[in-house]
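Everything on this sheet refers to the single structure shown next.
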Amino acid sequence: MIRSYANSPDPAESLKIFRRMRQNGIHADSYSYPFVIMACRKGLRVWDGRGVHGLVVKDGLGGDKYVGDALLRMYTEFDEIVMGRKVFDEMPERDVTSWSLLIAAYVTCDCPNDALEVFRSMIRNNIKPNNVTLVSLLPSCGHVSNRMAGLSVHSHIVVNSLCLDSALGTALLSMYSQRGSIESAVRVFRSIEQKNLQCWTVMLSCLAHHGRGEDAIALFTEMENSGVTPDSLAFTVILTCCSHSGLVDKGWKYFQSMKGDYGLEPSMEHYGCMVDILGRAGLIDEAYGIIKIMPMGPNPVILRSFIASCRYHGLVVEGDDELRRLLIESEPNVGANYVLAANAASLSSSWSHVADTRLSMKKIGLKKVPGYSWMEGSDGFVQEALTVFTGG
DNA sequence: GTAGGGTTAG
Numbered sequence: 100m101i102r103s104y105a106n107s108p109d110p111a112e113s114l115k116i117f118r119r120m121r122q123n124g125i126h127a128d129s130y131s132y133p134f135v136i137m138a139c140r141k142g143l144r145v146w147d148g149r150g151v152h153g154l155v156v157k158d159g160l161g162g163d164k165y166v167g168d169a170l171l172r173m174y175t176e177f178d179e180i181v182m183g184r185k186v187f188d189e190m191p192e193r194d195v196t197s198w199s200l201l202i203a204a205y206v207t208c209d210c211p212n213d214a215l216e217v218f219r220s221m222i223r224n225n226i227k228p229n230n231v232t233l234v235s236l237l238p239s240c241g242h243v244s245n246r247m248a249g250l251s252v253h254s255h256i257v258v259n260s261l262c263l264d265s266a267l268g269t270a271l272l273s274m275y276s277q278r279g280s281i282e283s284a285v286r287v288f289r290s291i292e293q294k295n296l297q298c299w300t301v302m303l304s305c306l307a308h309h310g311r312g313e314d315a316i317a318l319f320t321e322m323e324n325s326g327v328t329p330d331s332l333a334f335t336v337i338l339t340c341c342s343h344s345g346l347v348d349k350g351w352k353y354f355q356s357m358k359g360d361y362g363l364e365p366s367m368e369h370y371g372c373m374v375d376i377l378g379r380a381g382l383i384d385e386a387y388g389i390i391k392i393m394p395m396g397p398n399p400v401i402l403r404s405f406i407a408s409c410r411y412h413g414l415v416v417e418g419d420d421e422l423r424r425l426l427i428e429s430e431p432n433v434g435a436n437y438v439l440a441a442n443a444a445s446l447s448s449s450w451s452h453v454a455d456t457r458l459s460m461k462k463i464g465l466k467k468v469p470g471y472s473w474m475e476g477s478d479g480f481v482q483e484a485l486t487v488f489t490g491g
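In the numbering used here, the protein residues as written are 100 to 491.
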């Protein structure tokens, strides 16, 4: 019962059963506790999790390996590395899973050096790392400062002839890409035997990050030809490639292909990419056209991208003041929006747009723009923003 | 019976 609910969309139910059982004097055992803990983790109920941990100790199961692993994973999810470490330290027996969990815990809480340290001491303790261990560890080797660590993980794979499956391959190639070695990333990608969609998607995004839009497009075509069907996320990636490399025609082609060839409805991200592609190219009217047709309406990210394009190209479109107002109203606490809006508004032929920006600020009742201490008082803010940010 | 890899904005 507890187990089936822990895996269901309503994990809270398994906690209820657990409590009811306990009230009737039936305590969970080392088999059922991991599922109770899993329910706390899935329901993101940190207080329940701590409570259950307390009961585990009370029931004398603190030393059980499976219970310990479950607790460690739960504390990782809650970003409570200190508690996770405590659980690990108190485990009487630790296998490769426990060590991998601890590494993943340090990676999650952004402590790459600790993760590496755990990896080293794992080897000192004669525990053999497997694929999962390395996949957990690799994200901490992407920084330049950990250059040697990445190489030693790679050589560990080669020396121990571990199978380069798509998960491990993906982790390895993105490590190389992060540290700037796009050629090594491509080489790793080529050596993965069974490439799944995730694998291709990561490779595409790496190429995009390195400004290799044309290569990414060639790779996307290769992916389609190899029988892998792109999903919504893959299209987001290829559209951002087009955006980074200024490929307007290709962008349109993929935007139409996702619906036409694959029946995928464009989402907020896809519309946003198109606004970005067109706006960067100075095609302000077309970009505005996209904003008008998107069924879910633009989010602040898209508005900022569009308004910044207007400012960059010094172009104005009928009705753009409405979008500036929308941006400020949807994120009244972001100071940068006021500056962006004011600068873009100054391009318009009349100053009424500037007044509009100031008006919406007054309407919200905001006197001081967050993050900009020099903008004391609403009256002077537009003038000051213009002076400071346009240098005029 | 526990553990792993995917996107975007500036």
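C-beta: ideal position from N, C-alpha, C; glycine also. All values reported here derive from a predicted model rather than from experimental measurement.
Taken atom to atom, the span from the alpha-carbon of ARG102 to that of ILE116 is near 10 Å. Straight-line measurement puts the Cα of ALA270 at about 36 Å from the Cα of GLY153. At a cut-off of 4 residues, the continuous stretches assigned as alpha helix (DSSP H) that sit fully inside the region 159-193 are 164-176, 180-189. Per DSSP, reduced to three states, the secondary structure at ASP420 is helical. Every alpha helix (DSSP H) stretch that sits fully inside the region 324-350 and reaches 4 residues is listed by chain position as 331-344. Straight-line measurement puts the Cα of LEU200 at about 6 Å from the Cα of ARG172.
When C-alpha distances from TRP299 are compared across GLY310, LEU215, ARG278, THR328, the shortest belongs to THR328. Collapsing the DSSP output to three states places CYS262 in coil. Per DSSP, reduced to three states, the secondary structure at CYS372 is helical.
Closest by C-alpha distance to ASN398, out of GLY241, ILE316, TRP351, LEU422, is LEU422. For ASP209, the three-state secondary structure derived from DSSP is coil.
When the alpha-carbon of VAL258 is set against those of GLU282, VAL400, ASN229, the nearest one is in ASN229.
LEU263 is the residue among PHE319, ALA315, LEU263, ASP163 whose C-alpha sits nearest the C-alpha of GLN293.
Nearest to GLY418 by alpha-carbon distance, out of MET395, TYR411, ASN436, GLY388, is GLY388. For LYS141, same chain residues with a beta-carbon under 6 Å away, outside a window of 5 residues either side, are PRO110 in chain order. With a cutoff of 7 Å on beta-carbon distance, ARG410 and ASN432 are scored as not near each other. SER239 sits close to PRO211, with the two beta carbons spaced by under 7 Å.
Put simply, the backbone Cα of LEU402 is about 38 Å away from that of CYS139. Assigned with DSSP and collapsed to three states, ASP147 falls in helix. The beta carbon of GLY162 lies closer than 6 Å to those of PRO191 in the same chain, with the five residues before and after it left out.
ASN225 carries a coil assignment under DSSP once its states are collapsed to helix, strand and coil. CA-to-CA, the gap between ARG286 and ILE376 works out to about 30 Å.
With distances taken between CA atoms, ASN106 lies nearest to VAL135 out of SER265, VAL166, SER129, VAL135. The beta-carbon distance between ILE202 and PHE177, rounded to whole angstroms, is 17 Å. This is too long to meet the 8 Å contact definition. Collapsing the DSSP output to three states places ALA214 in a helix.
In the same chain as ILE291, and ignoring 5 residues on each side of it, the C-beta atoms closer than 7 Å to its own belong to LEU263, SER265, GLY268, CYS298, in chain order. Under the criterion of beta carbons closer than 8 Å, ALA315 and ILE281 do not qualify as touching, at roughly 11 Å. Bounds of the alpha helix (DSSP H) holding VAL231 are 230-236. In the same chain as TYR104, and ignoring 5 residues on each side of it, the C-beta atoms closer than 6 Å to its own belong to GLU112, SER113, in chain order. The beta carbon of LEU425 lies closer than 8 Å to those of PRO397, LEU402 in the same chain, with the five residues before and after it left out. By the criterion of a C-beta distance shorter than 6 Å, HIS126 is surrounded in its chain by ASP158, once the five residues flanking it on both sides are discounted. Using a Cβ distance threshold of 7 Å, ARG289 and GLY241 do not count as a contacting pair.
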